[in-house]
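One structure below.
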Amino acid sequence: MQILLARLLLRLLALMPLRLLHALAVPLGWLAWRLPWYKHAVIETNLRHCFPELDKSQRQQLHRDHLVEMMRLALESGAVWYWSKRRLFRHVVSVEGWEAVEESMARGKGVLMVGAHVGNWEILPLFVSARVPFVALYKAPKRADLDAAVTASRSRFGAQLIASGSPAMRQMLAALRRGEAIGLLADQQPKQGEGVFAPLFGIPASTMTLVNRLARKTGTPVVFAHAERIAGRGWTIHFQAAGEAIGADDPLEGIAPMHRWLEAVIRRRPAQYLWSYKRFSVRPPGEDDFYPPRRR
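In this note's numbering, the protein residues as written are 29 to 324.
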């Protein structure tokens, strides 16, 4: 019943023009700012540590702007789930750097596409899979009905989804051998013990080494990608070649260009990053908790 109601809501949102949805997000975002929500403390903690140069009033303004952008992300879901390919891509304002993908694919080793929780990351698998064979790594929801719904949305233009877990590496390697593109998000915190601590905004962040390992093992070119929201109009989709350093023998050297790219993208549109995510919750041994405890 919950899935059916959610789909009905998304269907209704899909009937509305994007300009109106983006406008509606403004009062909804300000309402979210006024309401009690435990994630406010997470957002504030992230902003305080990542932007120490901002004073309190500037952080609060960024916090409010972020809530508006997250409302826009939610209201866009109807378009992502149900708009036709023609209608959805009519709202792609511009595409920058696609030649990096074409050049990588021409080398016959596929391409490893690395995104992040910035802008509208759900647009990327739809856009890419409409152009090249594409396999996306994702974290499967625990509920089977929700997993089926999410998979149907993300794969509707031809993408193949691979749930993260032990078989995932084998499936990704097979896709690369076929010369396909595979995609994953760079800023998902790995399980404890499965990553290394690399600086992000000067903060040690537990980071997956999967991108570095795949690039080093296969020689596959890496391309960074994100979809930047242009309020009232749609999205600009950016692609950028990562360079060979991402496949360095030292994982920390390999992660460095990925984090430099991520920081630059976030600083360009700081309100569009997912600041409610506890990116720094796993700490190096001996460090105190990064986030305040949730109040009961």
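Don't be surprised by glycine CBs; every beta carbon is placed ideally from N, CA and C.
| query | result |
| --- | --- |
| With a cut-off of 8 Å on the beta carbons, I'd call D215 and H145 a contact; round off their distance for me. | 6 Å |
| Could you give the residue range of the alpha helix (DSSP H) that holds M200? | 196-205 |
| Quick check on this structure: which residue in Y301, E256, G260 has the alpha carbon closest to the alpha carbon of F267? | E256 |
| Between A107 and L116, how many whole angstroms is the CB-CB distance? I'm expecting something under 8 Å. | 6 Å |
| Under DSSP, the alpha helix (DSSP H) around A243 begins and ends at which residues? | 238-246 |
| Mind checking whether L154 and G211 have CB atoms under 8 Å apart? | no |
| Let me know the secondary structure DSSP gives M98 once reduced to three states. | helix |
| What do you get for V310, buried or exposed, if any count of 16 or more other CB atoms within 10 angstroms of its CB means buried? | buried |
| Comparing C-alpha positions only, which one of R135, K306, S105 sits nearest to G40? | The identity of residue 40 in the sequence shown is Leu, whereas the question assumes Gly. For the residues R135, K306, S105, the minimum Cα distance to L40 belongs to S105. |
| Run through the DSSP bridge pairs and tell me what A34 is partnered with. | Paired residues: none, contrary to the question. |
| Under DSSP, the beta strand (DSSP E) around Y166 begins and ends at which residues? | 162-166 |
| Give me the Cα-Cα distance between R171 and I31, rounded to the nearest whole angstrom. | 11 Å |
| Quick one: Cα of A209 to Cα of T179, how far? | 18 Å |
| Closer than 7 Å to a non-hydrogen atom of the ligand NAP - does that hold for the CB of G138? | No copy of the ligand NAP occurs in the structure displayed, which carries no ligand at all. |
| So which of A42, L63, L43, H77 has the shortest CA-CA distance to F229? | H77 |
| From the DSSP output, read off the bridge partner residues of Q188. | V163 |
| So A226 is in the beta strand (DSSP E); what residue range does that whole segment cover? | 223-228 |
| Cutting at 8 Å between CB atoms, please list the residues of its own chain near A273, excluding the five before and the five after it. | E281, G282, A284, P285 |
| If you pair each beta-carbon of the segment 128-144 with each one of the segment 59-75, do three or more pairs fall below 8 Å? | no |
| Please report how far the alpha carbon of S181 lies from the alpha carbon of G247, in whole angstroms. | 31 Å |
| Tell me the rounded alpha-carbon separation between G223 and V142. | 16 Å |
| Less than 6 Å between C-beta atoms, sequence neighbours within five positions excluded: which residues of the same chain meet that for R198? | none |
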